[in-house]
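Peer 1:
4 protein chains.
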Amino acid sequence: MPNQRLQGIFTPNLVPYTSDGSINEEELRRYIDWLIERGVHGLYPNGSTGEFTRFTPEERRRIAAIIADQTRGRVPILAGAAEANVKETLAACEYYASLGVRAVAIVAPFYYKLSPASVYAYFKEIGDNTPVDVTLYNIPMFASPIDVPTVQRLSEECERIVAIKDSSGEIPHMIRMIQAVRPNRPDFAFLTGWDAALMPMLLVGCDGGTNASSGVVPELTRKLYDTTLHGDLEAARRLQYDLVRLFDAMIYSAEFPEGFRAAVGLRGFNMGHGRQPMSSEQRTDLETLSNELQCHLAAHGFTDQPIGGCPVDPNAVIADTAEVSAIVQSVLAELKRRGL
Amino acid sequence: MPNQRLQGIFTPNLVPYTSDGSINEEELRRYIDWLIERGVHGLYPNGSTGEFTRFTPEERRRIAAIIADQTRGRVPILAGAAEANVKETLAACEYYASLGVRAVAIVAPFYYKLSPASVYAYFKEIGDNTPVDVTLYNIPMFASPIDVPTVQRLSEECERIVAIKDSSGEIPHMIRMIQAVRPNRPDFAFLTGWDAALMPMLLVGCDGGTNASSGVVPELTRKLYDTTLHGDLEAARRLQYDLVRLFDAMIYSAEFPEGFRAAVGLRGFNMGHGRQPMSSEQRTDLETLSNELQCHLAAHGFTDQPIGGCPVDPNAVIADTAEVSAIVQSVLAELKRRGL
Amino acid sequence: MPNQRLQGIFTPNLVPYTSDGSINEEELRRYIDWLIERGVHGLYPNGSTGEFTRFTPEERRRIAAIIADQTRGRVPILAGAAEANVKETLAACEYYASLGVRAVAIVAPFYYKLSPASVYAYFKEIGDNTPVDVTLYNIPMFASPIDVPTVQRLSEECERIVAIKDSSGEIPHMIRMIQAVRPNRPDFAFLTGWDAALMPMLLVGCDGGTNASSGVVPELTRKLYDTTLHGDLEAARRLQYDLVRLFDAMIYSAEFPEGFRAAVGLRGFNMGHGRQPMSSEQRTDLETLSNELQCHLAAHGFTDQPIGGCPVDPNAVIADTAEVSAIVQSVLAELKRRGL
Amino acid sequence: MPNQRLQGIFTPNLVPYTSDGSINEEELRRYIDWLIERGVHGLYPNGSTGEFTRFTPEERRRIAAIIADQTRGRVPILAGAAEANVKETLAACEYYASLGVRAVAIVAPFYYKLSPASVYAYFKEIGDNTPVDVTLYNIPMFASPIDVPTVQRLSEECERIVAIKDSSGEIPHMIRMIQAVRPNRPDFAFLTGWDAALMPMLLVGCDGGTNASSGVVPELTRKLYDTTLHGDLEAARRLQYDLVRLFDAMIYSAEFPEGFRAAVGLRGFNMGHGRQPMSSEQRTDLETLSNELQCHLAAHGFTDQPIGGCPVDPNAVIADTAEVSAIVQSVLAELKRRGL
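Just so you know, the protein sequences line up as chains W, A, U and Z, in that order. The opening position of the first sequence corresponds to residue 2 in my numbering, with each subsequent residue numbered one higher. The opening position of the second sequence corresponds to residue 2 in my numbering, with each subsequent residue numbered one higher. The opening position of the third sequence corresponds to residue 2 in my numbering, with each subsequent residue numbered one higher. The opening position of the fourth sequence corresponds to residue 2 in my numbering, with each subsequent residue numbered one higher.
1) Where does Leu247 of chain U fall in DSSP's three states?
2) With 16 as the cutoff for other CB atoms within 10 Å, does His297 of chain Z come out buried or exposed?
3) Could you tell me how far apart the beta carbons of Ala198 of chain Z and Ile172 of chain A are, in whole angstroms, since I believe they sit closer than 8 Å?
4) Helix, strand or coil for Thr211 of chain U per DSSP?
5) Does DSSP classify Phe303 of chain U as helix, strand or coil?
6) Taking only beta-carbon positions, decide if Gly206 of chain Z is within less than 8 Å of chain A.
7) Who are the Cβ neighbours of Pro17 of chain U in its own chain at under 7 Å, not counting the five residues just before and after it?
8) Which residues does DSSP list as the beta-bridge partners of Tyr123 of chain Z?
9) Excluding five sequence neighbours on each side, which residues of the same chain lie with their C-beta closer than 6 Å to the C-beta of Gly81 of chain W?
10) Hey, could you find the ends of the alpha helix (DSSP H) Tyr138 of chain Z is sitting in?
11) Might you give, ordered along the chain, the residues of its own chain that have their beta carbon closer than 6 Å to the beta carbon of Ser20 of chain A, omitting 5 neighbours on each side?
12) Please report whether the beta-carbon of Tyr113 of chain A lies at a distance below 8 Å from any beta-carbon of chain U.
13) If distances are taken between C-alpha atoms only, which option among U:Ser291, U:Glu288, U:Glu259, U:Gly266 comes closest to Tyr113 of chain A?
14) Among W:Ala109, W:Gly74, W:Ser116, whose alpha-carbon lies nearest the alpha-carbon of Gln283 of chain Z?
15) If you follow the beta strand (DSSP E) that Val108 of chain Z is part of, which residue opens it and which one closes it?
16) Output yes or no for whether 8 Å exceeds the beta carbon distance between Ala264 of chain W and Met251 of chain W.
17) Three or more C-beta pairs under 8 Å: does that hold for the segment 197–213 of chain Z against the segment 234–247 of chain Z?
18) Starting from Lys114 of chain W, follow the alpha helix (DSSP H) in both directions and report where the run begins and ends.
19) Which value, in whole angstroms, describes the spacing of the CA atoms of Ala104 of chain Z and Ser99 of chain W?
20) Just the C-alpha distance for Tyr138 of chain U and Ser168 of chain U, rounded to the nearest angstrom, thanks.
21) Straight-line CA distance for His174 of chain U to Val152 of chain W?
22) So, under 8 Å CB-CB, Val217 of chain Z and Ala190 of chain Z are touching, yes? Tell me the CB distance rounded to an integer number of Å.
23) If you scan the segment 11–69 of chain A from start to end, which runs of the beta strand (DSSP E) of 3 or more residues do you find wholly inside it?
24) Chain Z beta carbons: is any one of them nearer than 8 Å to that of Ser254 of chain W?
25) Report yes if the CB atom of Val87 of chain A is closer than 8 Å to the CB atom of Gly43 of chain A, and no otherwise.
26) Determine the burial state of Asp34 of chain A: buried for a count of at least 16 other Cβ atoms within 10 Å of its Cβ, exposed for fewer.
27) Helix or strand or just coil, what does DSSP make of Val218 of chain A?
28) Just the chain Z side, please: which residues come within less than 8 Å of Val245 of chain A by C-beta, in chain order?
29) Please confirm whether Leu221 of chain A and Asp243 of chain A have their CB atoms less than 8 Å apart.
30) Looking at chain W, which residues of the segment 50–70 of chain Z have a Cβ within less than 8 Å of any of its Cβ atoms?
31) Keeping to the same chain, check which residues put their C-beta closer than 7 Å to that of Ile127 of chain W; ignore five residues upstream and five downstream.
32) At 4 residues or longer, what runs of the alpha helix (DSSP H) sit wholly inside the segment 154–187 of chain Z?
33) For the candidate residues U:Phe257, U:Asp70, U:Ala181, U:Cys311, whose alpha-carbon lies nearest to that of Leu155 of chain U?
34) Spatial neighbours of Ser254 of chain W within its chain, please: C-beta separation below 6 Å, excluding the five flanking residues on both sides.
35) Measure the alpha-carbon distance for Tyr96 of chain U versus Phe257 of chain W and round it to whole angstroms.
36) Exposed or buried, what is Met142 of chain U when buried is set at 16 or more other beta-carbons lying within 10 Å of its beta-carbon?
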């Protein structure tokens with residue numbers, strides 16, 4: 002198993018909260034079973050979708066432990082292991098290794114924007130000392146970017162670095178990485194974190210993805226993966242188009258990952274309130290979104306329509322273009338005046 | 002005169018249009034006289050405020066010729082001379098020299114984003130062949146940036162390059178340029194194009210500015226310049242604060258330079274409609290802005306209040322914060338969904 | 002023909018220069034024949050590759066006229082028609098229509114960064130008055146972006162707007178546009194301007210591209226297009242990977258479009274020197290690049306190896322990673338200090 | 002005291018490390034005394050300069066406790082208190098209050114990029130529940146931005162929010178904040194975190210700064226502060242120019258805050274190695290920088306010249322412009338090719 006390339010869709014787990022804001026273990030266990038039954042290839046706790054930065058170091062370990070215990074080897078686990086510094090991160094790797102995870106995923110250092118040389122030095126020290134396989138995690142919108150030469154160099158120097166998860170969503174970047182790494186490391190895996198480009202990413206050579214949508218509609222993402230790999234491009238394209246619509250609604254309509262949390266709630270789970278406070282206006286927006294998401298999910302048969310029904314054409318949920326354009330224009334001016 | 006450093010506020014001229022969209026020469030001449038009478042130190046046709054990109058090469062020459070003819074040497078002229086390529090730009094320099102302008106201003110190449118080496122090569126060829134003094138024009142939000150070493154190198158190699166107009170608005174950048182250039186070229190001038198930082202720019206060593214606001218309220222910008230230079234910091238600070246308020250209203254509430262055009266209209270000039278088409282929503286927004294601007298100008302005694310009056314506190318024109326915040330939030334989500 | 006969707010690869014024509022910097026008509030005609038013989042589906046003068054901003058309005062017309070005359074209807078022509086303002090642009094459209102072009106392509110307004118409402122108003126006025134079919138041209142790295150709702154609205158209101166060329170290279174953006182427009186306008190075409198994503202773009206529903214690489218290796222881009230459409234994904238992927246390597250070398254190693262100009266020179270054309278001046282260091286860099294490009298082209302049998310030969314592995318032209326990383330790091334620091 | 006506005010220069014403390022990478026308490030205590038003796042107005046542990054993200058929650062508390070103990074009320078302390086979520090952050094506020102700090106400073110949420118509404122909601126919950134005065138901390142290059150209306154609203158609703166530290170370095174932004182807040186909250190303080198604009202910031206109305214340079218040359222920043230407040234503009238300007246040179250060398254020549262750590266080492270402290278690993282190339286670069294910094298410090302009499310001496314003109318440490326430009330150009334191309 003250690004030498005087999007990571008592949009398939011790993012679901013980045015959201016964490017359900019109890020009413021007092023702590024981890025809802027029971028609901029988390031129920032959610033894990035539900036995901037596995039619907040065909041996800043693996044699980045991925047403590048990623049960005051899993052809000053790893055909003056937990057204490059102890060909570061992050063507990064989340065992975067619950068998931069490992071509930072999974073009992075049915076699917077592989079990729080555990081997010083980034084901590085405050087290299088020493089703390091390696092200690093977390095030790096712990097996750099003891100849980101039997103397939104690999105850890107480590108995001109590049111964030112807050113400070115590091116140079117390629119520093120990103121290399123950081124992962125090199127981890128790669129040389131880790132007791133478990135490591136997946137690099139590149140998410141340039143949130144963390145220091147991991148550039149192509151850095152991936153190449155690390156893949157050549159560190160056997161235990163076995164994959165990269167890339168959330169940039171850029172096809173040419175993915176091609177450049179595969180070109181640079183695969184000739185020397187055929188066991189190295191490439192996973193995309195950008196759901197809106199999943200099908201074309203698979204077609205240019207990706208091995209799979211870690212896609213937040215798979216926590217909401219695991220049936221759809223699994224089918225998209227299977228049809229693409231079987232070369233049924235027409236069906237795959239239709240599924241990808243549907244996924245873009247759903248993904249956009251979840252990712253752009255509320256503060257990430259609240260749109261995904263709302264959608265998982267619609268699939269029957271009690272997710273609780275997130276740890277990032279919301280204004281009353283934001284709570285109202287989230288309810289509107291929830292209704293819209295229910296229509297999307299109902300259109301695919303994943304749930305019932307909301308009370309009051311849905312528009313005939315799913316496109317119609319997007320308001321009249323001209324009207325929106327006028328609002329946007331006036332608000333853009335307002336935004337700029339306010340120094341944004 | 003050739004060896005005297007450029008200094009003071011050069012007004013970037015807006016061009017009034019006739020009802021059929023051509024240059025309104027009569028109104029332009031009347032506007033020039035009005036500006037000179039109100040104390041602007043110089044005039045600056047064919048800048049960004051003057052919409053140089055929206056005119057044909059022939060029109061650009063005609064605008065400068067009208068202004069030179071009307072000015073008759075009362076104040077120096079800085080003529081925007083950028084054309085499609087070096088050869089055309091040098092031909093324009095010849096023409097502007099024949100009009101007796103004090104200097105030309107040449108923006109760095111735009112559309113393509115050029116490297117420092119290319120920006121250097123471009124200005125070097127111009128600086129070596131120009132028949133008239135040249136002001137570099139750095140406006141990184143619209144054109145290729147001119148970095149500090151490029152300014153330094155050009156100032157050392159090309160005697161006819163005598164100034165830089167910088168619209169970045171960044172104080173540390175201005176300090177770095179002055180540090181790099183002034184020791185070897187005491188005759189080299191530094192002008193700021195960012196009205197919202199005019200007073201502190203003068204205090205760290207700038208020689209003046211090319212400020213669109215001076216085309217609207219030449220009395221205010223002149224007074225700000227004079228009080229700052231005379232060390233009356235308390236008065237200068239108050240004027241700078243007022244200028245920020247007015248500048249923000251003009252620059253962020255409509256497509257640049259329409260806010261400035263509307264405001265010059267309020268000072269009594271028939272500016273006509275700009276060449277960039279507007280949607281009906283945008284026309285309505287511009288009318289609202291015009292009312293708001295009239296209140297700003299009335300507060301300083303530059304015009305009467307609009308019919309219906311003005312809010313007591315000029316701050317009150319900005320709507321209730323919480324309400325705006327809710328709108329902004331919902332529209333931001335909409336913007337993102339639309340791929341912005 | 003007017004109702005047939007645009008499709009295939011349209012080559013954005015570079016313009017060869019004589020030794021005195023004017024248009025080399027003879028070489029341009031020879032180049033056009035060469036391209037058509039190698040299977041390009043169409044020609045595209047006055048695009049970004051064709052350096053439209055560096056020509057006078059009269060020269061832009063002459064370039065299109067020469068190409069139309071030489072082509073004599075063998076392939077359709079898409080003529081870049083953007084001028085200083087709407088009135089001048091419509092006059093250019095009239096002229097290009099008289100040449101018999103299939104359509105014009107019009108870039109969104111540049112220099113000033115316009116809002117979606119203004120971009121809409123601009124194209125609406127053109128779309129309502131054009132005598133020839135119009136292709137929108139979205140290139141957000143150089144010009145104001147054309148967002149999805151704007152494309153949708155224009156496609157619904159203006160029958161003569163028949164296509165969009167998008168150079169963002171973002172797959173999800175392309176999917177969103179197709180989703181928004183195709184249901185109501187099955188005749189509307191989607192072309193990608195980003196060569197590094199050509200194959201996946203075609204697979205998600207694009208109709209073709211306007212790809213600078215096709216002016217250098219028309220055989221390769223044609224084959225990539227054909228194999229992708231015939232579903233030979235393995236071959237298409239290999240060609241796409243090769244294209245990324247070649248494209249990257251041409252686009253990132255010199256000021257655009259000089260890398261492409263050098264490569265066309267290697268195919269046997271006398272392209273002359275570009276109009277943007279180069280420093281002596283840049284000329285040296287371009288010679289190094291030229292050698293590297295020759296190796297790329299030789300690897301595909303398009304030309305001979307340079308004197309001195311090529312590295313065995315084309316990857317090997319990229320210097321040792323660690324060494325480059327050290328240089329990059331030290332220069333990044335230098336860049337930052339200089340205010341970049 | 003609670004109603005007195007924060008003012009003066011608060012030094013963001015670097016943390017010295019022992020050889021095994023833990024906090025060097027003895028050296029930290031010695032450094033605190035040294036700073037206070039040289040006239041810093043306050044101390045600021047757990048800021049960005051203090052690498053707060055690289056410590057565990059327990060270590061952050063220990064750092065503040067050591068500093069509070071060593072300071073014994075000689076100067077006020079502003080303690081960085083951001084933790085993983087609101088609940089943890091409030092617990093940290095309780096602890097820092099028990100240490101007797103003057104206020105805490107809380108950076109806007111980072112990693113995820115939050116909307117203004119979410120940033121508001123986050124600080125509102127903290128502001129309503131904190132037992133100690135709170136300083137907002139705006140550092141848009143690292144964390145979600147805090148916009149002007151959010152500052153205004155929070156200042157009006159939360160009495161315990163008493164200041165903002167702004168590290169954007171933008172003068173117009175500072176003016177807009179002061180305009181929006183000061184009329185209703187004369188006790189609210191504005192501190193700038195951008196050393197390169199310290200003098201003009203003070204001149205437009207800032208109350209002070211939290212400036213990393215003050216940990217290296219507290220004598221210089223104190224003198225800059227005093228001369229500016231006393232209206233000795235000529236002297237202040239010279240000091241500001243010197244500070245820009247020194248600040249640029251420390252901030253742009255190595256991964257932040259290593260340049261500052263090296264410089265504090267030159268003032269006689271054993272700072273140890275940072276927790277972010279460095280490549281061997283980076284270690285060499287840091288030694289070169291150290292030499293250059295020593296020359297800067299020696300030029301002001303803060304230390305001896307390095308063995309081997311310094312260039313006559315401090316400007317001369319910057320290499321010949323043309324040569325650097327050539328390197329930069331070639332490396333920029335390399336950077337782009339590598340996907341940066």
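Beta carbons are placed, not taken as given, at the ideal position from N, Cα and C, and that holds for glycine. Computed from a predicted model, the values in this text were never measured in an experiment.
Peer 2: Reading from the atomic positions:
1) helix
2) buried
3) 5 Å
4) strand
5) coil
6) yes
7) Asn25, Glu28, Leu29, Tyr32, Phe270, Asn271, Met272, Gly273
8) Paired residue(s): none; Tyr123 of chain Z is not in a bridge.
9) Asn47, Gly48, Phe53, Ala106
10) It is not in any alpha helix (DSSP H) - Tyr138 of chain Z instead sits in the beta strand (DSSP E) that spans 135–139.
11) none
12) yes
13) U:Glu259
14) W:Ser116
15) 104–108
16) yes
17) yes
18) Note, Lys114 of chain W: premise wrong, no alpha helix (DSSP H); not H, not E.
19) 42 Å
20) 8 Å
21) 27 Å
22) Not quite, the Cβ-Cβ distance comes to about 24 Å (not below 8 Å), so this is no contact.
23) 43–45
24) no
25) no
26) exposed
27) coil
28) Pro173, Ile176, Arg177, Gln180
29) yes
30) Thr54, Arg55, Phe56, Thr57, Pro58
31) Val87, Thr90, Leu91, Ile107, Val135
32) 172–182
33) U:Ala181
34) Gly260, Leu290
35) 51 Å
36) exposed
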